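Using the working numbering, the first residue of the sequence shown is number 1123, and each one after it goes up by one. By construction, the Cβ of each residue, glycine as well, lies at the ideal position given by its N, Cα and C atoms. Note that this is a predicted model, so its numbers are computed, not measured. For reference, the structure discussed in these notes is given below.
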Amino acid sequence: MPTPTQTPLQDIADARLAVQELHRNQVLLKIASRIGQLGGWTVDAKSGEIGWSDEVFAIHGLPPGKPPPMDDGLAFYIPEHRDGMRAAVLACIRDGTPFDIEAQLIAATGKCSWVRAIGEAERDDTGAVRLIQGAFQDITERKEAHEQSRRLIERLINTLESITDAFFTLDRDWHFTYVNREAERVLQRSRKELLGKNIWIEFPPALGSQFEIEYRQAIATRTAVQFESFYPPLQCWFDVRAYPSDQGLTVYFQDVSNRREAREEILRLNAQLEDRVRQRTAQLEAANREMEAFSYSVAHDLRTPLTTIGGFSGLLAKSLPPDAGERAKLYLERIVSGVKQMNEMTDALLSLAQVSRKSLQREAVDLGAIALGVLEGHREQQPGRDLRMYVQQPLPAWGDPRLLRLLMENLLGNAWKFSAKNPVTDITVGSQPGPEGETVYFVRDKGAGFDMGSAQQLFGSFVRLHEQTEFTGTGMGLANVRRIVTSHGGRVWAESAPGEGATFYFTLEHPKA
């Protein structure tokens, strides 16, 4: 009955609004069911009458209408799931046992889908099952997403199991959440022993070690860390890389004990080698000093008998009677020539010894000015030679001026000597940049040249590449050049070809800043 303040028209209006609201809710429910692919169903326990919502028909690929009988409905399920679904429905009808099953069915359209069927019983006043009802949802997309995730996880696990690095993960409470096969081997613990366990409890010696310090720093600062550390219980050196995340810590590590031992062995061998090099260098320096002293002594001691021989040879030449035979004169000339050559050799030995014995007094030196002076001296001694010289001015260098003058005298003396048979003596002195930015000095001539096959022995003592009758000399000039350049921290080399002249190159150590 309407209340005293309510009219029949108001009742009709309220009822109409309620119907509209119910209809709107039903529309929204249908939209939600369609979007969520969720339907409802019922089965009358006594009559067996079945009710399906439109969405249940759609999932089965059927138009809305009358649902098929139970056996026909169960026939949509694949054989592997059909019996399980039948047993669950019958148990729910018989004694009210609820069920929640995921199964595959093949719709009338041939489409294969995964569905979730939920069922529960509704009882009458006597407690007997009156009907069963539930929800029915297409979960194909969720199952496919789950399967894709499973495959990705499986692939990731396979990758982690196959990598050569040991690998484990920890949650934010320091519990193991994953341990790969290599980590089991290196840590000598099975994953069954470690999963879910606290790392500091399972490996107590790590507390307070670099491992704990680095791991906690990585978590606190959200920054990856890399370090090498020794773990005494396993007698291993580990190379560790740890990466923090919202879930905890990911740790890659390798047993690098063999690598560390090899590195330490290399360092030990290098130290031994350096020690041996120092010993051999000291021995070589001592031998060189002895050889230099011997050369100096020999050269010095030879001067007196050579002077005697030379003096008496001169007296003998003056006292020869006019009717002395040509053979006697020839023998005497050979004695005088031999004494002269021997004097030159002793001078060269003394010069070489002096180069080695005296310490360097380095200063700025103009090699161009030295070269001009040396060449002018040669021209004064042989004014008939046609000299064309090209000398870089200035030509700055850094070294001992006395030794650098001797260096230029030897190189320019050779250039002058081996150009003697040319109508024009053409000599160039200059510099050019080297491959490493150093200054490369050179002395170039267009004289006799030499075969590069002999270049290796060119700077040895008493080495001559030409006959004495062709070009005179002691074979000590280039040995002096090499010794001077070496003492200045440089190197010397030559380029030549027979009849095409020669170029001698050398470098000198730069002055220290």
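For T1299, the enclosing beta strand (DSSP E) has its first and last residue at 1298-1301.
Around the Cβ of R1604, a 10 Å sphere holds 16 or more other Cβ atoms; the residue is buried.
Of the candidates S1367, S1618, F1434, P1327, P1327 places its Cα closest to the Cα of P1355. In this structure, the straight-line span from the alpha carbon of I1240 to that of K1188 is close to 21 Å. As summarised for the region 1256-1326, the continuous beta strand (DSSP E) elements at least 3 residues long and confined to that stretch are 1288-1293, 1298-1301, given in chain order. L1534 sits close to L1497, with the two beta carbons spaced by under 8 Å. The three-state reading of DSSP puts D1548 in strand, counting E and B together.
In the DSSP assignment, Q1376 falls within the beta strand (DSSP E) that extends over 1370-1377. By the neighbour-count definition (other C-beta atoms within 10 Å, threshold 16), C1358 is a buried residue. DSSP places G1241 inside the beta strand (DSSP E), whose first and last residues are 1234-1245. Under the three-state reduction of DSSP, L1580 is assigned to coil, being neither helix nor strand. Scanning its chain for C-beta atoms nearer than 6 Å, with the 5 sequence neighbours on each side dropped, one finds no residue around T1608.
Counting along the chain, the unbroken beta strand (DSSP E) around R1510 starts and ends at 1509-1513. By the Cβ test, the region 1330-1338 is not in contact with the region 1302-1310, since fewer than three Cβ pairs between them sit closer than 8 Å. For E1224, there is no enclosing alpha helix (DSSP H); the enclosing beta strand (DSSP E) covers residues 1221-1228. Under DSSP, W1538 forms no beta bridge with any residue. Shown here, G1599 sits in a helix according to DSSP, grouped into three states. Your pair G1571 and E1622 checks out as a contact, with CB atoms roughly 5 Å apart and the cut at 8 Å. Per DSSP, the continuous beta strand (DSSP E) segment holding Q1348 begins and ends at 1347-1353.
Judged by DSSP secondary structure, T1164 falls within the beta strand (DSSP E) whose first and last residues are 1160-1166.
Within the same chain, and ignoring the five residues on either side of A1230 in sequence, the residues whose Cβ sits closer than 7 Å to its Cβ are H1182, G1183, L1184. Residue state for F1434 is assigned as helix, using DSSP reduced to three classes.
Counting along the chain, F1564 sits inside the beta strand (DSSP E) bounded by residues 1561-1567. Membership of Y1627 in the beta strand (DSSP E) is indicated by the continuous run 1624-1628. If you draw a 10 Å sphere on the C-beta of K1440, you find fewer than 16 other C-beta atoms in it, and that means exposed. R1363: not part of any alpha helix (DSSP H); member of the beta strand (DSSP E) spanning 1358-1366, first to last residue.
Per DSSP, reduced to three states, the secondary structure at D1488 is strand. In the three-state DSSP reduction, G1499 falls in the helix class (H, G or I).
Counting of Cβ neighbours within 10 angstroms places H1268 among the exposed residues, the total staying below 16.
G1195 sits in a helix when the DSSP states are folded into three classes.
By the neighbour-count criterion, in which a residue is buried when 16 or more other Cβ atoms sit within 10 angstroms of its Cβ, S1541 is buried. Taking 8 Å as the cut-off, the Cβ atoms of F1198 and A1210 do not count as close. Closest in alpha carbon position to D1246, among V1614, E1396, S1271, K1168, is K1168. Counting other Cβ atoms within 10 Å of its Cβ, H1610 reaches 16 or more and is therefore classed as buried.
Taking the CA atoms as reference points, K1568 sits about 15 Å from Y1627.
Contact annotation: E1244 and G1256 have beta-carbon atoms that are not nearer than 8 Å.
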